[in-house]
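Asker: I'd like to ask some things about the structure below.
Protein chains: 2
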Amino acid sequence: MTTHPDPRFQAAADTPAGQLARQLYGLASVRRELGKVANAELPGHGFGALVSVRKREHARVSDIAADLQVDLSVASRQIAGLVAAGLVERQPDPADGRAHVLALTDAGITALRAAFLEMVARLDQSLADWAPEEITQLAAGLERLATSFNAVAATSADADADTDSADQEVAA
Amino acid sequence: MTTHPDPRFQAAADTPAGQLARQLYGLASVRRELGKVANAELPGHGFGALVSVRKREHARVSDIAADLQVDLSVASRQIAGLVAAGLVERQPDPADGRAHVLALTDAGITALRAAFLEMVARLDQSLADWAPEEITQLAAGLERLATSFNAVAATSADADADTDSADQEVAA
DNA sequence: AGAAGAATGCTTGCTGCAAGCAACTATAGC
DNA sequence: GCTATAGTTGCTTGCAGCAAGCATTCTTCT
């Protein structure tokens, strides 16, 4: 179309960050299908919570919520679903009567492994013609991206709860 | 942070595809926040639809649905929202009375650019210490991933000769 | 040619799921 | 006791999908 060429916009779109933004948004369908595969055999969207529980030993619901960056109530319900399904064990924290300590059950470990393998299988279909080091390189890049991105999120959260006006330098 | 070493799980996680799977799933919060930024000023989750309308000239609702890989009804409602907001124009197709031809209005172009610039701005905060070529490399990897992934999806879903105009251009 | 019937493009009503907020309970710590 | 913290649950909202419906176009049979 290019009805009204906008130099400022063009410049931003061709920026490395602009290219990355485009690709990240285009990843929507990939992530959705992968999520479907991952959660197929789990209650709700439990996969993320399952992974999160596995990551730390004395996980508490609030830890999971912080890790997934969702509301505490969301984490609470996801964990409740996983407990009901026998995938997570919830025991009173001996050190704090309000809290619960979470851990995967054997069934939970099995389920997590199965879900993970399904994801990998689905990915492998698409990565048939990729070199292993290309895949690991992409994975490394994504890991770094997530780290960088979450670091900024944490910083701006610390700075102020106000999220609207604090951060934008759109102007050129 | 693993307390009970699980060799089998670790082995699965350490394959290249396994690493990629983990990182893709870990991208949830990144994509969510980026989506929030992108859709902040738009009705519903309109950004994707807006991009999709922008990509092709004589877009129809079914084209958008296919492009976004969502149900036709979802696309219909998103487009309706964008039309109501004055960002998309919907005119009867002169060649087919059942169909509508979609196009961005000037306001739509403006809104799309603004949303895109917001996304880029948010990303730039996180990418401050990245080398430009690292960013472009990651973007290229993601583009290839999306291509590979959607190719498999298309094959398994329905062998469709829908090899129309090239995709992935937010900028114009 | 013309009409019946199938197919297409899209919209809309209904349902289900998941997320967030707010209110509540129970415990902790001063 | 008084306040903060951990967690659960009720309520609301919003988005997605299915299925039914409407209007239009295509097909085909006579």
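Those sequence lines, one after another, are chains A and B. Note that the working numbering has the first sequence beginning at 1220, numbered continuously upward. Note that the working numbering has the second sequence beginning at 1220, numbered continuously upward. No residue lacks a Cβ here, since even glycine has one placed at the ideal position from N, Cα and C.
Under 8 Å between the Cβ atoms of A:ILE1298 and A:ALA1268?
Answerer: To locate residue 1298 of chain A, count along the first sequence from 1; it is residue 79. To locate residue 1268 of chain A, count along the first sequence from 1; it is residue 49. Yes, they are a contact pair.
Asker: Can you tell me the Cβ-Cβ gap for B:VAL1280 and B:LEU1291, rounded? I've got them flagged as a contact below 8 Å.
Answerer: As a working note, residue 1280 of chain B is residue 61 in the second sequence. As a working note, residue 1291 of chain B is residue 72 in the second sequence. Confirmed, Cβ separation roughly 7 Å.
Asker: Take B:SER1367 as the anchor and find which of A:LEU1361, A:PRO1235, A:ALA1232 and A:VAL1249 has the nearest alpha-carbon.
Answerer: Walking along the second sequence from the start, residue 1367 of chain B turns up at place 148. If we check each option's Cα against that of B:SER1367, A:VAL1249 comes out closest.
Asker: Could you tell me whether the Cβ atoms of A:GLY1183 and A:PRO1262 are closer together than 8 Å?
Answerer: Only positions 1220 to 1391 of chain A appear in the structure, and residue 1183 of chain A is not among them; the question remains open.
Asker: Helix, strand or coil, according to DSSP, for B:PRO1235 in the structure here?
Answerer: Counting from 1 along the second sequence, the entry for residue 1235 of chain B is found at position 16. If DSSP states are grouped into helix, strand and coil, B:PRO1235 belongs with the helices.
Asker: Closer than 9 Å, Cβ to any Cβ of chain B: which residues of the stretch 1237-1267 of chain A, in chain order?
Answerer: Correct list: GLY1237, GLN1238, LEU1239, ALA1240, ARG1241, GLN1242, LEU1243, TYR1244, GLY1245, LEU1246, ALA1247, SER1248, VAL1249, ARG1250, ARG1251, GLU1252, LEU1253, GLY1254, ALA1257, PHE1266 and GLY1267.
Asker: Just the chain B side, please: which residues come within less than 7 Å of A:PRO1351 by C-beta, in chain order?
Answerer: Translated into positions along the first sequence, residue 1351 of chain A becomes position 132. Within chain B, the residues near A:PRO1351 are PRO1235.
Asker: Please indicate yes or no: does the CB of B:THR1355 lie closer than 7 Å to some heavy atom of the ligand ADP?
Answerer: Of the ligands one can find in the structure shown there are none, so the ligand ADP has no counterpart to examine.
Asker: At the 8 Å Cβ level, is A:GLY1305 part of the contact set with chain B, yes or no?
Answerer: Along the first sequence, read from residue 1 onward, the residue named residue 1305 of chain A stands at position 86. No, its Cβ sits nowhere closer than 8 Å to a Cβ of chain B.
Asker: Pull up the distance between the alpha-carbon of B:GLN1356 and that of A:GLU1362, whole angstroms please.
Answerer: As a position in the second sequence, residue 1356 of chain B is number 137, starting the count at 1. As a position in the first sequence, residue 1362 of chain A is number 143, starting the count at 1. B:GLN1356 and A:GLU1362: Cα-Cα distance of roughly 14 Å.
Asker: For A:GLY1265, count neighbouring Cβ atoms within 10 angstroms of its own Cβ and tell me buried if that reaches 16, exposed if not.
Answerer: Locating residue 1265 of chain A in the first sequence gives position 46, counting from the first residue. With 16 or more Cβ atoms within 10 Å of its Cβ, A:GLY1265 is classed as buried.
Asker: Taking B:ALA1333 as the reference, which of B:GLN1310, B:ALA1257 and B:ALA1303 has the closest Cα?
Answerer: Here residue 1333 of chain B corresponds to residue number 114 of the second sequence, with the count starting at 1. Answer by Cα proximity: B:ALA1257.
Asker: Using CA coordinates, which residue listed in B:ALA1358, B:SER1295 and B:ALA1303 is at the minimum distance from A:LEU1364?
Answerer: Counting from 1 along the first sequence, the entry for residue 1364 of chain A is found at position 145. Comparing Cα-Cα distances from A:LEU1364 to each of B:ALA1358, B:SER1295 and B:ALA1303, the minimum goes to B:ALA1358.
Asker: Could I get the ranges of all uninterrupted beta strand (DSSP E) runs contained in the stretch 1291-1370 of chain B, with 3 residues as the minimum, in chain order?
Answerer: DSSP runs (the beta strand (DSSP E)) wholly in the stretch 1291-1370 of chain B: 1307-1312 and 1315-1323.
Asker: Between the Cα of B:THR1234 and the Cα atoms of A:VAL1293, A:GLY1305, A:GLY1360 and A:ALA1340, which residue gives the shortest distance?
Answerer: Looking up residue 1234 of chain B in the second sequence gives position 15. It is A:ALA1340 whose Cα lies nearest to the Cα of B:THR1234.
Asker: Comparing the C-beta of A:ASP1343 with each C-beta of chain B, is any distance below 8 Å?
Answerer: Position 124 of the first sequence, counting from 1, holds the residue named residue 1343 of chain A. It does; some Cβ of chain B falls within 8 Å.
Asker: Can you grab the Cα-Cα spacing for the pair B:GLN1344 / B:GLU1337, in whole Å?
Answerer: Walking along the second sequence from the start, residue 1344 of chain B turns up at place 125. Walking along the second sequence from the start, residue 1337 of chain B turns up at place 118. Rounded to whole angstroms, B:GLN1344 to B:GLU1337 spans 11 Å at the Cα level.
Asker: Can you tell me where the alpha helix (DSSP H) with A:LEU1269 in it begins and where it stops?
Answerer: In the first sequence, counting from the first residue as 1, residue 1269 of chain A sits at position 50. Element bounds for A:LEU1269: 1265-1274.
Asker: Along the alpha helix (DSSP H) that carries A:LEU1287, what are the first and last residues, could you check?
Answerer: By 1-based counting over the first sequence, the position of residue 1287 of chain A is 68. Taken as a continuous stretch (DSSP letters only), the alpha helix (DSSP H) holding A:LEU1287 covers 1280-1287.
Asker: Taking the alpha carbon of A:LEU1346 as the reference point, which residue from B:GLY1327, B:ALA1330 and B:ASN1369 has its own alpha carbon closest?
Answerer: Along the first sequence, read from residue 1 onward, the residue named residue 1346 of chain A stands at position 127. For the residues B:GLY1327, B:ALA1330 and B:ASN1369, the minimum Cα distance to A:LEU1346 belongs to B:ASN1369.
Asker: Expressed to the nearest angstrom, what Euclidean distance is found between the alpha-carbon atoms of B:ALA1294 and B:ILE1283?
Answerer: What you label residue 1294 of chain B is simply residue 75 of the second sequence in a count that begins at 1. What you label residue 1283 of chain B is simply residue 64 of the second sequence in a count that begins at 1. Computed Cα separation, rounded: 6 Å.
Asker: Residue range of the alpha helix (DSSP H) that B:LEU1246 falls in?
Answerer: One-based indexing of the second sequence puts residue 1246 of chain B at position 27. B:LEU1246 -> no alpha helix (DSSP H), and no H or E assigned at all.
Asker: How would you label B:LEU1239, buried or exposed, when you count the other beta carbons within 10 angstroms and need 16 or more for buried?
Answerer: Numbered from its first residue, the second sequence carries residue 1239 of chain B at position 20. Counting Cβ neighbours within 10 Å, B:LEU1239 comes out buried, since at least 16 surround it.
Asker: Could you list the residues in the stretch 1265-1286 of chain B with a C-beta less than 8 Å from some C-beta on chain A, going in chain order?
Answerer: If the cut-off is 8 Å between Cβ atoms, the stretch 1265-1286 of chain B has PHE1266, GLY1267, VAL1270, ARG1273 and GLU1276 near chain A.
Asker: Can you look up A:ALA1259 in the DSSP assignment and give me helix, strand or coil?
Answerer: Residue 1259 of chain A sits at position 40 when you count from the first residue of the first sequence. The answer is coil: DSSP assigns A:ALA1259 none of H, G, I, E or B.
Asker: Could you check which residue in B:ARG1275, B:ALA1318 and B:LEU1331 has the C-alpha nearest to that of B:ALA1259?
Answerer: Along the second sequence, one-based indexing puts residue 1259 of chain B at 40. Checked all of B:ARG1275, B:ALA1318 and B:LEU1331; the closest Cα to B:ALA1259 is B:LEU1331.
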